[in-house]
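For the sequence shown, this note's numbering assigns the number 3 to the initial residue and increments by one for each residue that follows.
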Amino acid sequence: MPEAPGGGTPRIHTIEVRDLAAALKAGLRDFLRAPLFGLVIGGVFALIGAVIVLSLTIWELPWLIYPFAIGFPLVGPFAAVGLYEVSRRLAEGARPAWRDVFAVIWAQRRREVSWMAFVMLFVFWVWMYQVRLLIALFLGLVSFASFEQFLTVVFTTPHGLIFLAVGHVVGGVLALVLFSITVFSIPILLEREVDIV
3 MPEAPGGGTP RIHTIEVRDL AAALKAGLRD FLRAPLFGLV IGGVFALIGA VIVLSLTIWE
63 LPWLIYPFAI GFPLVGPFAA VGLYEVSRRL AEGARPAWRD VFAVIWAQRR REVSWMAFVM
123 LFVFWVWMYQ VRLLIALFLG LVSFASFEQF LTVVFTTPHG LIFLAVGHVV GGVLALVLFS
183 ITVFSIPILL EREVDIV
């Protein structure tokens, strides 16, 4: 984000489709140069998701699996801190090492970027709360004892389809808000220590 002429407010460029394509290409290039980092960090993220699903099944709360599956990736930008460091080191021509990547991740606890984790968790909490609210509003009079029954109610009844539609619209708005906040803030907070506000 280059400084505006005269050292005023930074000028923000418009993101175009070709910018997204370039970012994906650069990400693939970095992954191919250091695949183990992406596989391990992605694997940990997937493992946490699997533990959540297993826990909800054991606790007999299978109806929460779907909203968790949709909402859990909202914390993805914070999980990508390690991948940002790998890409930064590759761009500098250095060889990334686990010690350095973990040091950067661990150092974030004392920096402003750690507050972004609270922002993301808050949005995730709002998502889970609105799912419970929508279930109460649209499916409150319907009983389901298993995940299969929940899916049957959601996909085969008018109330279930309305719940699904409204839930996705609200979830999409929350995801868009979170993306709009984190797409700039996390890379900037990793690069320099500035106030989160």
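By construction, the Cβ of each residue, glycine as well, lies at the ideal position given by its N, Cα and C atoms. Just so we're clear, the structure is a prediction, and the values are computed from it rather than from any experiment.
Go ahead and label residue i buried or exposed: buried means 16 or more other beta carbons lie within 10 angstroms of its beta carbon, across all protein chains shown.
i    : result
S145 : exposed
G78  : exposed
A6   : Any reading at A6 must be qualified, since the residue scores a pLDDT of 48, below 50, and its modelled position is unreliable; no value is offered.
T11  : exposed
V42  : exposed
F165 : buried
G45  : exposed
D32  : buried
G73  : buried
V196 : exposed
In terms of residues, what are the limits of the alpha helix (DSSP H) holding residue i?
i    : result
L58  : P37 to I60
T158 : F149 to T158
A71  : I67 to G73
D102 : W100 to A109
S89  : V83 to A93
F120 : V115 to L141
Please report how far the alpha carbon of residue i lies from the alpha carbon of residue j, in whole angstroms.
i    : j    : result
Q132 : F70  : 12 Å
L141 : W61  : 21 Å
E114 : V83  : 13 Å
M3   : T59  : Confidence in M3 is poor, its pLDDT being 48 and thus under 50, which makes the residue's placement unreliable; the coordinate value appears in the next sentence. In a straight line, the C-alpha of M3 is about 45 Å away from that of T59.
G174 : V128 : 13 Å
A36  : P98  : 8 Å
L38  : P75  : 21 Å
F124 : F47  : 19 Å
S116 : T16  : 27 Å
R13  : F186 : 13 Å
E87  : V106 : 7 Å
G162 : L135 : 14 Å
V53  : I188 : 26 Å
H170 : S148 : 22 Å
M130 : V121 : 14 Å
V179 : E150 : 32 Å
S101 : Q110 : Here residue 101 turns out to be Arg, not Ser, going by the sequence shown. Taking the straight line joining both Cα atoms gives about 15 Å.
W108 : A23  : 31 Å
L126 : T184 : In the sequence on display, residue 126 carries Phe and not Leu. If I take the Cα positions, the gap works out to 14 Å.
Handout entry: Touching by the beta-carbon criterion (3+ pairs, under 8 Å), the segment 141-156 and the segment 51-68
Key = yes
Practice task
Determine, using beta-carbon pairs with one atom in the segment 86-95 and one in the segment 24-43, whether at least three such pairs fall under 8 Å.
Solution key: yes
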